[in-house]
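My numbering puts the sequence shown at residues 3 to 479. In this text, a Cβ means the ideal position worked out from N, Cα and C, and glycines have one as well. Input: a single structure, listed below in structure tokens.
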Amino acid sequence: MSDSPFRYQAVENHIRSMAQRGTLTVGQRLPSLRQLSGSLRLSIATVNTAYQELERKGLVEARQRSGFFWCGESCPLPQPQGEGRVDDQPRGVSRPELTRDVLDTVGCTDLLPFSVICPDVSLLPGKALSRLLQQQMREQGDLMLGYSEISGDRWLRQQIARYVATMGIQVDADEIIVTCGAMEALYLALRSLTRPGDSVVIASPTYHCFLQLIENCGLRAIELPSDPQRGISPQQLEKVLQRQPVSACILCGNFNNPDGSRLSDAAKQQIVELLARYDVPLVEDDVAGELYFGEQRPSTFKSYDRNNQVLHCNSFSKTLAPGFRVGWLLPARYYDRALEMKYTTNVSCATPTQRTVAAYLDAGYHTRHLRRLRHCLETSMHAMLQALGRTFPDGTRVTRPEGGSVLWMELPQRLDAVDFFLRAKQRGIAVAPGAIFTTQDCYGHFIRLSYSGVWNDNLERGVEHLGRLAGEMIDEQ
């Protein structure tokens, strides 16, 4: 087995497999660097790097002159259950001032950014993108200064068509609309499918920007409870469809924001087929789909679409360059309407960033970058889970997502999450309270935490401060 920048992941998988089989127990010494190097045919340096990564995740302990010892990977905090009080009747949406308060923390350098879902700039390929941007300006200067086609730069659309083929989605470049991030894609999709007063189905909890879009379009939201592990129930969705008219369904099947849930492939296929029977289009948000921690990328809703009524929304904001604002929409059978919405809201996306992303994809850099990004996020997740387990009081519950960049935490003793948010902010730490992820009186004792930064001592101390704050609030009860 030859070495590569990510070969040490094979070492980690091997050690985890030993623990799962019971051949490695808590407190037991790991194989020496030389032993594992020989058995896996890897360099000693690669095995040592892998052991250091396991130590950083809190899974092994390095003892001076004794080697590495297995600590186990279980976070002592249990996982939360789904909220049982979600009402699935249509409701108007009115975003509270609280949402604006949370959004104000985005980009605030004075706060530890546990509320922000944006990869740390050190994880982004800034040098490569800068070089490609300069190259495009030199070679295509006149083109770069003008508008692209309304549907987007053709070269980029061709690259996106190749890219989504790796997700099991077969489309032509002429079936793609480039957007200024995923939010514009979602907006175009909703505007293409609905009229004011219509009802749309969403998961609960859901991304607060979904609620903002629904409000801006004058729609009503039907919330379906999402299990933090399994997502929404296809059976409950069918009950809603049987009961009342629904104009669209907006779902994130992979690592839903904020609870991190992932629908199984079978559930995704079942939902797509169910919606096809009721002739209800599905708007899919898959911005976190590439941030999986397992061996294989989870499937998309679109890959099961046989009726051409799944509108796939995606972007490079969570994986490549948030500031470039490059996303896309696969509008399915609603292409003409979506394109009409595009040129009445935003004639064109920025040509320089479109061409730069196209060049990046064409050069084949993105696959390697994603491997590194996924690994760093998984490392940060494990480190945060270990820190939460050490510092938060009994009664705390937290998810174990299989990807993405957020944890969904249930505070102990049903502490008020809004009060927790405000008091944490006073201490220089930003979190997102559960109330902003619903239209209802739910999730009042939940918070969302992001682990999208590179884990460091500063973030570790931030978690410790949050744990102490939870303890203080319990003492005050």
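* **Among E177, S41, A389, G24, nearest to V13 - alpha-carbon criterion** => Comparing C-alpha distances from V13 to each of E177, S41, A389, G24 shows the shortest one belongs to S41.
* So, R399 versus M411, is the Cβ gap smaller than 8 Å? -> Judged by beta-carbon spacing, M411 lies within the 8 Å limit of R399, meaning their Cβ atoms are closer than that value.
* To do: Would you mind sorting P247 into buried or exposed? The rule is 16 or more other CB atoms within 10 Å of its CB.
  => P247 comes out exposed.
* Take H371 and list the residues in its own chain whose beta-carbon comes closer than 7 Å to its own, dropping the five residues that flank it on each side. => Same-chain partners within the cutoff: P127.
* Asked: Grouping DSSP H, G and I as helix and E and B as strand, with all else coil, what is N256?
  -> In the structure shown, the three-state DSSP call for N256 is strand.
* Would you give the residue range spanned by the alpha helix (DSSP H) that W457 belongs to? => That residue, W457, is in no alpha helix (DSSP H); it is neither H nor E in DSSP.
* Quick one: give me the first and last residue of the alpha helix (DSSP H) that S34 is part of. => Segment: none, S34 is in no alpha helix (DSSP H) and carries neither H nor E.
* DSSP on V195, reduced to helix/strand/coil? -> Note that residue 195 is Leu in the sequence shown, not Val. The three-state secondary structure of L195, taken from DSSP, is helix.
* Asked: So which of L390, L134, V242, L61 has the shortest CA-CA distance to P80?
  -> Nearest option by C-alpha distance: L390.
* Determine the closest residue to R416 out of T401, T48, C444, with distance taken between C-alpha atoms. => That would be C444, whose Cα lies nearest to the Cα of R416.
* Asked: Can the beta-carbon of L313 be found closer than 8 Å to that of E286?
  -> Cβ distance < 8 Å, so L313 and E286 count as in contact.
* Where T208 and W157 are concerned, what is the direct C-alpha to C-alpha distance, given to the nearest angstrom? -> The alpha-carbon atoms of T208 and W157 are separated by roughly 34 Å.
* Could you check if S263 is buried or exposed, using at least 16 other CB atoms within 10 Å of its CB as the buried criterion? => S263 sits buried, since 16 or more C-beta atoms from the chains shown fall within 10 Å of its C-beta.
* Using the rule of at least 16 other Cβ atoms within 10 Å of the residue's Cβ for burial, across every protein chain shown, is A268 buried or exposed? -> Around the Cβ of A268, a 10 Å sphere holds fewer than 16 other Cβ atoms; the residue is exposed.
* Under a three-way DSSP split, which group does T181 fall into? -> In this structure, T181 counts as strand in the three-state DSSP scheme.
* To do: Note down, in chain order, each residue of its chain lying with its Cβ closer than 7 Å to the Cβ of G455, except the 5 sequence neighbours on either side.
  => Leaving aside the five residues that flank G455 on each side, the residues in its chain whose CB is nearer than 7 Å to its CB run, in chain order, P115, D122, S382, L461.
* Asked: Out of G24, R23, V49, P33, which has the shortest C-alpha to C-alpha gap to R9?
  -> That would be V49, whose Cα lies nearest to the Cα of R9.
* To do: Could you tell me which residues DSSP pairs with D229 in its beta bridges?
  => Note: D229 sits in a beta bridge opposite G233.
* To do: Have a look at the DSSP bridge pairing and note the partners of W330.
  => W330 pairs with V180, N316.
* Asked: What three-state label does DSSP hand I224 in the structure shown?
  -> Note: I224 maps to strand in three-state DSSP.
* **Straight-line Cα distance separating S34 from F422** => Distance between the alpha carbons of F422 and S34: 45 Å.
* **Three-state secondary structure assigned by DSSP to I162** => DSSP places I162 in helix when its eight states are reduced to three.
* Asked: Roughly how many angstroms separate the alpha carbons of D144 and W330, rounded to a whole number?
  -> Between the alpha carbons of D144 and W330 lies a gap of roughly 24 Å.
* Specify the secondary structure class of A64 as computed by DSSP and reduced to three states. => It is a strand residue.
* Per DSSP, cross-strand counterpart(s) of W157 -> Answer is none; W157 lacks a bridge partner.
* Would you check if there are 3 or more beta carbon pairs closer than 8 Å linking the stretch 315 to 328 to the stretch 220 to 227? => Under the Cβ criterion (8 Å, minimum of three pairs), the stretch 315 to 328 does not count as touching the stretch 220 to 227.
* DSSP three-state call for A268: helix, strand or coil? -> In this structure, A268 counts as helix in the three-state DSSP scheme.
* Which class does V408 belong to by DSSP, given the choice of helix, strand or coil? -> V408 carries a strand assignment under DSSP once its states are collapsed to helix, strand and coil.
* Measure how close the beta-carbons of A432 and C211 come, nearest whole angstrom, since I'm counting them as under 8 Å. => Going by Cβ atoms, the distance from A432 to C211 rounds to 17 Å, so no, they are not a contact pair.
* **N259 versus R23 - alpha carbon distance** => Using only the alpha carbons, I get a separation of about 33 Å.
* Asked: When you compare each of E478, Q238, E151, E466 to P354 by their alpha carbons, which one comes out closest?
  -> It is E151 whose Cα lies nearest to the Cα of P354.
* Where do the N-terminal and C-terminal ends of the alpha helix (DSSP H) with R376 fall, by residue? -> Element bounds for R376: 367 to 393.
* Asked: For C251, which residues does DSSP report across the bridge?
  -> Answer is V203, L284.
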